[in-house]
Amino acid sequence: MNLPKAELAERLKLKQFPRSAKYDPQWVLENQMGPSALWLTEWVCERMELKKGMRVLDMGCGKALSSIFLAREFGVEVWANDLWIKPAENWARIREAGLEDMVFPIHAEARSLPYAEDFFDAVVSMDSYHYYGTDDCYLSYFAKFVKSGGQMGMAFPGLVRDFDGAVPEHLTRKQKSGGVFWAEDCWSFHTVEWWRNQWGRSKLVDVEHVDLLPEGWRIWLDWERTIVAAGANHFPADDEALEADQGRYLSFVRMIARRRS
Ligand SMILES: C[S@@+](CC[C@H](N)C(=O)[O-])C[C@H]1O[C@@H](n2cnc3c(N)ncnc32)[C@H](O)[C@@H]1O
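Here my numbering = 1-based position in the sequence shown + 5.
This is how it looks when you write it as structure tokens:
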């Protein structure tokens, strides 16, 4: 890491996310795969009722930071499900965290999950659900793994408002880092209204809450600057696009729902 640990810790300390601030900043940055998994998880958990011993599915857990956080903070058992990261890699991190009785790494594609229906007390997903959950047929497949009455909590990048025409120029121009913010995958970014409709029309769930992270763009920008300063970025930095955006379009969407009986 290019930054001293104390400075890293200071940068990662946000008053709205006190639980996340307790985690080793080097561990957090070494295992990051995008916007802070811990911050997003803490934000989602504000609206969830997680109790000790519950069975939780963490969909698209990446390097299992959110899974480790959930087990530590709430005493839940977590099925840490991911596609790109090998379960053996996550198992090493889980063992290092001393959570081998509580976090179980699973390799599975979102559309081909190896779980029993009604198995989980809750499902969560950080910075992942938008990769597959925009498919109109997905919720009816996914919701059945949660018990009736169980909660579903997600957070992922989204839009403050839809574009009025083409993608705004500040999101498509080449940044000094060499990267362009708006990749083709970004078409999975949608507004709060879009997501509320996507789940709200379904008979399978009751939507409890959908909102944007206040100052989401700024939190994302500060995160991006920190990973660049620390030399922990895997991709060309997007700070220039986030700065130019000033929260006009980019933020994070949180969505909480409950499986109907
Ligand atoms: C940007 S990473 C975020 C990882 C982690 N949740 C975090 O916040 O650090 C997106 C994750 O979604 C997972 N993912 C994407 N498409 C998936 C799919 N079709 N099935 C299962 N997981 C998927 C990937 O394996 C990846 O780890």
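Cβ coordinates follow ideal geometry from the N, Cα and C atoms, glycine included.
All values reported here derive from a predicted model rather than from experimental measurement.
>> Can you look up R259 in the DSSP assignment and give me helix, strand or coil?
In response: If DSSP states are grouped into helix, strand and coil, R259 belongs with the strands.
>> According to DSSP, is P119 part of a helix, a strand, or is it coil?
In response: Of the three classes helix, strand and coil, the one that applies to P119 here is coil, per DSSP.
> Counting pairs of Cβ atoms below 8 Å between the region 242-260 and the region 9-29, do you hit three or more?
Replying inline: Result no; under three Cβ-Cβ pairs closer than 8 Å.
> Can you find at least 3 beta carbon pairs, one from the region 97-107 and one from the region 48-64, that sit closer than 8 Å?
Replying inline: Flag = no, the region 97-107 and the region 48-64 do not touch.
> Between A14 and A235, what straight-line distance do the alpha-carbon atoms span, to the nearest angstrom?
Replying inline: If I take the Cα positions, the gap works out to 11 Å.
> Taking the alpha-carbon positions, what's the F125 to L8 distance?
Replying inline: Using only the alpha carbons, I get a separation of about 40 Å.
>> Taking the alpha carbon of A160 as the reference point, which residue from N95, H214, K149, A113 has its own alpha carbon closest?
In response: Of the candidates N95, H214, K149, A113, the one whose C-alpha sits nearest the C-alpha of A160 is H214.
> Can you find a heavy atom of ligand 1 that lies under 7 Å from the Cβ of A115?
Replying inline: Yes.
> P119 to E198, Cα distance in whole Å?
Replying inline: Rounded to the nearest angstrom, the two C-alpha atoms are 32 Å apart.
>> Under 7 Å: does the beta carbon of Q37 sit that close to some heavy atom of ligand 2?
In response: Ligand 2 is not part of this structure, which contains only ligand 1.
> Would the C-beta of W222 count as close to ligand 1, meaning under 7 Å from any of its heavy atoms?
Replying inline: W222: no, Cβ never under 7 Å from ligand 1.
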